[in-house]
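Presented below is the structure to which this report refers.
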Amino acid sequence: MKRLYKGLAAIFLFSTVLFVLIFAVSLYKRGKDENGRYLDQLLISVESNLDRAAQEYEEKLEHLEEDYISRARAVEYIASYDTQMIGRNGLEFLKGIMEVGDISLLDSSGEVFLSTDETLEGSREAEVVVEELKDLPKGERVSVHLDTPDFRNRPEYFYVLAGSESERFAAVRIDADISKAGLVSGKEVVGTILRQATTEYETSIFAVGKIKGSVFGITENNSQDIQIRDVREGQEMLEYLSRIPKGEPVFLHINGAYQSAVVRDLDDMYLVAFSGLDRVVGSVFLTFCIGLAVIGLICALSVLMVRYYLKKYLFLRFEQIREGIYGILRGERDPSEDDSEIPELRLLMDMIFQLEQGYVEKSHGIDRMEDQLWAARTEAERDRLTGLYNRSGFERRAEMFLKNEHPGGALILLDLDNFKQINDFEGHPRGDRALQRFAQCLSGAFREEDVIGRLGGDEFIVLVGNPMTEKVLEEKFDSLLVGVREAMKEEYEKYRVSVSIGAVPIDGSIRDYKKLYQCADTALYISKYLGKDRFYINKKMIACMRRECISCRADCPRSRILDGKEGITQDGEDLYHHPGS
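Numbering-wise, full-length UniProt numbering puts 439 at position 439 of the sequence shown, and it's gapless, one number per residue.
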């Protein structure tokens, strides 16, 4: 028996060492791969943020172009009909009210003969630009000029040319104030994204430009100095990074220690994420020691248990059988009698019970996961600042509402007037508190079943899900306008912060959310155009999104309002309202 026990112990020991070694190697490989995936996911997240930032920057440029085209057309219109503006003082006056960098007038040859910036006078636009401007159809004679520097530098100029039919000048040039236009370089965008990236303390991300081969951005919560052994910044750095496999975990000697790193190749730069090897090695070593101790303990207990149960059940059973046989031979027992216990059956029943309990626990776990997924989905549809629905959450509910057989109610757009002055003069935290108070006003003004959302910035939206008369809607708007001024009394007195409202009734004639939103947006634009702090109900379902009506020849309610006809349609219907009017 001793030889049996020693053999079992040797087998268990050899199996334990082999198992732990295999387990440690597999754990190390798994840890390295998981760390590589973690770093790659970080880089993918940064790359996604860069793509989003680039898209937002393009949208910003489009809005800037539209805005300056509108301003250029407005200046051309004013200067064409008011000769007093064709002078340095007149242009300075227009520059102030239009909030632009400079205004210049060009003759038919493309030469600047008058400008608020004297250094521009005498300069000349390229002949091809002047000819292209003349060849454009009347009402579309505008051209946009934006500097396109390399990845490291900001644009140096941005201006718009607007052709004119005036005999006094051929075109108007509107220059933007670059310092206030918010135009940035690609290098600044990358630096901002990396500073905002959230990483663990021992994990860093940095960017290397492909033009100079220098590090120009790094995550903020880590060391700001990057030194790769035997590699200097410049062409040597670029050649070194180009040889590294992309998207795969590799070992690099960074800042005096070996690091697990992943490199991604983008258009203008390399993105590198790295973390210390102790993240992998430390976990493997600790797990190895714990596993060795636990398995050794299990082996020792197993040997003892085998010895105990062999003695208790096998040898004792043999003894019982021997005694039983002797008893039968002596006539002291019945051969069919069997009063011994069967412990294996009991163990089998215990295992069945444990499996049953395991299935029950898994079922409960699935229920908890479904509840957590529902909570996460709800949180993803909420605006964190105000607690209202965000854009995606609101649009999903609005589209579901419009699919009803007979939808009725109203879609309402609201925008805080002059809100930007709060952020400019008192900071964004004060602006955030103002947005929260306004959100409380909306929650108090509308029913709990109405859908209230924040689209972004100071723009809010409400979906009233039940039909109501125009009079009830006007009374609700009057009450809301007064309530907002009372709740934001300090901001109203300091900066004239108020709310402009645009609404469109929902009667089932428009089932497309985007078209309905355009009607509400048109109503909001009219409300702001008429002086702000008021509302406009778009009963005619006007969906015109043009920002200027100067060149438009259509006779519509919107154009009549913007032409200053007191908001009265041909049938005398009142289109807009201001509290107290």
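All C-beta atoms in this analysis are idealised placements derived from N, C-alpha and C, irrespective of residue type, glycine included.
> Which partner residues does residue 505 have in the DSSP bridge list?
Replying inline: Working through the sequence shown from its first residue, we reach residue 505 at position 505. Answer by DSSP bridge pairing, in chain order: 410.
> Where does residue 227 fall in DSSP's three states?
Replying inline: Start at 1 with the first residue of the sequence shown, and residue 227 comes out as number 227. Coil at residue 227, not helix or strand.
> To the nearest angstrom, how far is it from the Cα of residue 135 to the Cα of residue 128?
Replying inline: The residue you call residue 135 lines up with position 135 of the sequence shown. The residue you call residue 128 lines up with position 128 of the sequence shown. About 11 angstroms.
> Residue range of the beta strand (DSSP E) that residue 216 falls in?
Replying inline: What you label residue 216 is simply residue 216 of the sequence shown in a count that begins at 1. Note, residue 216: beta strand (DSSP E), 215-218.
> Excluding five sequence neighbours on each side, which residues of the same chain lie with their C-beta closer than 6 angstroms to the C-beta of residue 253?
Replying inline: What you label residue 253 is simply residue 253 of the sequence shown in a count that begins at 1. Excluding positions up to five away in sequence, the list reads 229.
>> Using the Cβ count rule (16 or more neighbours within 10 Å means buried), how would you classify residue 156?
In response: To locate residue 156, count along the sequence shown from 1; it is residue 156. Per the 10 Å Cβ criterion, exposed.
>> I need the straight-line Cα distance from residue 144 to residue 60, nearest angstrom please.
In response: In the sequence shown, counting from the first residue as 1, residue 144 sits at position 144. In the sequence shown, counting from the first residue as 1, residue 60 sits at position 60. If you take the alpha carbons of residue 144 and residue 60, they lie about 14 angstroms apart.
> Who are residue 459's beta bridge partners in DSSP?
Replying inline: Within the sequence shown, numbered from 1, the residue matching residue 459 stands at position 459. In the DSSP output, where bridge partners are listed per residue, residue 459 has 415, 456.
> Alpha carbon to alpha carbon, how far is residue 225 from residue 115?
Replying inline: The sequence position of residue 225 within the sequence shown is 225, counting from 1. The sequence position of residue 115 within the sequence shown is 115, counting from 1. Those two C-alpha atoms are separated by around 48 angstroms.
>> I'd like to confirm the pairing. Which residues does DSSP put opposite residue 162 in its beta bridges?
In response: In the sequence shown, the residue the question calls residue 162 occupies position 162. The partner list for residue 162 (beta bridge, DSSP) reads 142, 172.
>> Looking at the secondary structure, which residues open and close the beta strand (DSSP E) in which residue 273 lies?
In response: Stepping through the sequence shown from its first residue, residue 273 is reached at position 273. That run of the beta strand (DSSP E) goes 269-276.
> So what does DSSP say about residue 101, is it helix, strand or coil?
Replying inline: The residue given as residue 101 occupies position 101 in the sequence shown. Residue 101 falls in the coil class under three-state DSSP.
> Ends of the alpha helix (DSSP H) at residue 394?
Replying inline: Within the sequence shown, numbered from 1, the residue matching residue 394 stands at position 394. Taken as a continuous stretch (DSSP letters only), the alpha helix (DSSP H) holding residue 394 covers 391-402.
> In three-state terms, what does DSSP make of residue 83?
Replying inline: Your numbering for residue 83 matches position 83 in the sequence shown. Note: residue 83 maps to helix in three-state DSSP.
> Does the Cβ-Cβ distance between residue 462 and residue 412 come in under 7 angstroms?
Replying inline: Here residue 462 corresponds to residue number 462 of the sequence shown, with the count starting at 1. Here residue 412 corresponds to residue number 412 of the sequence shown, with the count starting at 1. By the CB criterion at 7 angstroms, residue 462 and residue 412 fall inside the cutoff.
> Around the C-beta of residue 571, are 16 or more other C-beta atoms found within 10 angstroms, so that it is buried, or is it exposed?
Replying inline: The residue labelled residue 571 in the question sits at position 571 within the sequence shown. Residue confidence is low: residue 571 scores 40 on pLDDT, short of 50, so the model does not pin down where it sits. No coordinate-derived value is stated.
> What is the C-beta distance between residue 39 and residue 262, in whole angstroms, given that I count them as a contact (C-beta under 8 angstroms)?
Replying inline: Your numbering for residue 39 matches position 39 in the sequence shown. Your numbering for residue 262 matches position 262 in the sequence shown. Correct: roughly 4 angstroms between the Cβ atoms.
> Roughly how many angstroms lie between the CA atoms of residue 14 and residue 296, to the nearest whole one?
Replying inline: Counting from one through the sequence shown, the residue named residue 14 turns up at place 14. Counting from one through the sequence shown, the residue named residue 296 turns up at place 296. Going by the C-alpha atoms only, they are around 11 angstroms apart.
> Going along the chain, which residues of its own chain have a beta-carbon closer than 7 angstroms to the beta-carbon of residue 49, five neighbours each way excluded?
Replying inline: Here residue 49 is taken as the residue at index 49 of the sequence shown, counted from 1. Correct list, in chain order: 193.
> Going by Cα to Cα distance, which pick from 105, 250, 424, 503 is closest to residue 534?
Replying inline: To locate residue 534, count along the sequence shown from 1; it is residue 534. Ranking 105, 250, 424, 503 by Cα distance to residue 534 puts 503 first.
> From 410, 93, 176, 384, pick the residue whose C-alpha is nearest to that of residue 510; which is it?
Replying inline: Here residue 510 refers to the residue found at position 510 when the sequence shown is read from its first residue. Among 410, 93, 176, 384, the Cα nearest to that of residue 510 is on 410.
> Which class does residue 496 belong to by DSSP, given the choice of helix, strand or coil?
Replying inline: Here residue 496 refers to the residue found at position 496 of the sequence shown. Coil.
> Taking C-beta to C-beta, are residue 86 and residue 195 nearer than 7 angstroms?
Replying inline: Taking the sequence shown and counting its residues from 1, the one referred to as residue 86 is at position 86. Taking the sequence shown and counting its residues from 1, the one referred to as residue 195 is at position 195. Going by C-beta atoms, residue 86 is not nearer than 7 angstroms to residue 195.
> Going by other Cβ atoms of all chains shown within 10 Å of its Cβ, with 16 needed for buried, is residue 205 buried or exposed?
Replying inline: One-based indexing of the sequence shown puts residue 205 at position 205. By the 10 Å Cβ count, residue 205 comes out buried.
>> Let me check one thing: in DSSP terms, what residues is residue 209 bridge-paired to?
In response: The count along the sequence shown starts at 1 and reaches residue 209 at position 209. 269, per the DSSP bridge assignment.
>> Which residue marks the beginning of the beta strand (DSSP E) containing residue 115, and which one marks its end?
In response: Reading the sequence shown from its first residue, position 115 is the one you call residue 115. Counting along the chain, the beta strand (DSSP E) containing residue 115 begins and ends at 112-115.
> Between 44, 179, 251, 78, which lies nearest to residue 100 when the distance is taken from Cα to Cα?
Replying inline: By one-based count along the sequence shown, residue 100 stands at place 100. Closest by alpha carbon: 179.
>> Going by C-alpha to C-alpha distance, which of 140, 451, 112 sits closest to residue 174?
In response: Your numbering for residue 174 matches position 174 in the sequence shown. Selected option, being the one with the closest Cα: 112.
>> Distance check for residue 495 and residue 275, CA to CA, integer angstroms please.
In response: On the sequence shown, residue 275 is found 275 positions in, with the first residue counted as 1. On the sequence shown, residue 495 is found 495 positions in, with the first residue counted as 1. Rounded to whole angstroms, residue 275 to residue 495 spans 49 angstroms at the Cα level.
> Do residue 582 and residue 483 have their CB atoms nearer than 7 angstroms?
Replying inline: Residue 582 is absent from the model: the chain starts at 1 and stops at 581.
> Do you know how far the Cα of residue 455 is from the Cα of residue 94?
Replying inline: For this step, residue 94 is matched to residue 94 along the sequence shown. For this step, residue 455 is matched to residue 455 along the sequence shown. Whole-angstrom Cα-Cα distance: 33 angstroms.
> Roughly how many whole angstroms lie between the Cα atoms of residue 569 and residue 82?
Replying inline: Taking the sequence shown and counting its residues from 1, one reaches residue 569 at position 569. Taking the sequence shown and counting its residues from 1, one reaches residue 82 at position 82. Here residue 569 scores only 40 on pLDDT, less than 50, and its place in the model should not be relied on; the value that follows carries that caveat. If you take the alpha carbons of residue 569 and residue 82, they lie about 29 angstroms apart.
> Hey, out of 176, 235, 139, whose CA is closest to residue 215's CA?
Replying inline: In the sequence shown, counting from the first residue as 1, residue 215 sits at position 215. Selected option, being the one with the closest Cα: 235.
> Between the Cα of residue 182 and the Cα atoms of 301, 248, 57, 161, which residue gives the shortest distance?
Replying inline: Counted from its first residue, the sequence shown places residue 182 at position 182. If we check each option's Cα against that of residue 182, 57 comes out closest.
> Going by other Cβ atoms of all chains shown within 10 Å of its Cβ, with 16 needed for buried, is residue 345 buried or exposed?
Replying inline: Within the sequence shown, residue 345 is the residue found at index 345, counting from 1. Note that residue 345 has pLDDT 44, beneath the 50 cutoff, so the model's placement of it is unreliable and the number below is only indicative. So residue 345 counts as exposed.
> Is the beta carbon of residue 402 sitting closer than 7 angstroms to the one on residue 501?
Replying inline: The residue labelled residue 402 in the question sits at position 402 within the sequence shown. The residue labelled residue 501 in the question sits at position 501 within the sequence shown. For residue 402 and residue 501, no; Cβs fall outside 7 angstroms.
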